[in-house]
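All remarks here apply to the structure that follows.
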Amino acid sequence: MSCIFCRIVAGEIPAEIVAREADAVAFLDVQPLADGHVLIVPRAHVPTIEELTPAGADALFRLVTRLAGPVREALGGEATTIGINNGEASGQTIPHVHVHIVPRRRGDGAGTIHTIFPRDVRQKLPQVGAAIRKALGSS
Ligand code: AMP
Ligand code: ZN
């Protein structure tokens, strides 16, 4: 098993585990962006969000929901930023889906999700909406 997150889930390599559930596990990021930076992973090796089963998605996001408040409170945060690098081109470095929770406070110097994009928009909203509805198989 070469996936580092599978190995953490299996207990083969150490991690600071904060929650264990039947289908999902949470542990501290080893290179935290702030105190309390947590990663939540499904126990199953699933590379990206698109490949999660409905049950896997339920388990993953149930644990995200359960942890968001305690992670914020434990570190005296005022809010959290919750994010997923979904696919290598987005910056995902470990191909086992993981949700980041990072505690935030006013004036912490970090940006918002909006600040990671240079805003590259070329199409009108109705055109984009139609393309996504078509890909979804709805009208
Ligand atoms: P991403 O760029 O979204 O794929 O994030 C991967 C994250 O995994 C990074 O924030 C790393 O610091 C973190 N990471 C890598 N190896 C470990 C490890 N052994 N234990 C905990 N976190 C890790
Ligand atoms: Zn894995």
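The numbering used here applies: residue 50 is where the sequence shown begins, and numbers increase by one.
Every residue gets a Cβ at the ideal spot worked out from N, C-alpha and C, and that includes glycine.
Cβ neighbour criterion (16 or more within 10 Å) applied to residue i
| i | result |
| --- | --- |
| Pro103 | exposed |
| Leu116 | buried |
| Thr31 | No information on residue 31 is available, as it lies outside the stretch 50 to 188 that the chain covers here. |
When the options are compared against residue i, the one with the closest alpha-carbon
| i | options | result |
| --- | --- | --- |
| Val113 | Glu100, Ala179, Glu99, Ile133 | Ile133 |
| Val87 | Pro119, Asn135, Ala159, Gly136 | Pro119 |
| Ile143 | Glu122, Val95, Ser187 | Val95 |
| Gln80 | Val151, Asp72, Gly125 | Val151 |
| Thr49 | Thr161, Gly125, Gly136, Pro175 | Lying outside 50 to 188, the shown extent of the chain, residue 49 is not represented and no answer is given. |
| Leu101 | Asp72, Gly125, Arg121, Gly186 | Asp72 |
Nearest-angstrom Cα separation, counted from residue j out to residue i
| i | j | result |
| --- | --- | --- |
| Ile53 | Ile66 | 14 Å |
| Arg177 | Gly60 | Residue 177 is actually Val in this sequence, not Arg. Cα-Cα distance, rounded: 44 Å. |
| Ala123 | Ala180 | 43 Å |
| Ser187 | Val148 | 28 Å |
Could you tell me which whole beta strand (DSSP E) segments of length 3 or greater appear in the stretch 75 to 109? 87 to 91
Indicate whether the contact test is met: 3 or more Cβ pairs, each with one atom in the stretch 106 to 121 and one in the stretch 89 to 97, closer than 8 Å. yes
Of all the alpha helix (DSSP H) runs that stay within the bounds of the stretch 147 to 178, which reach a length of 4 or more residues? Correct list: empty.
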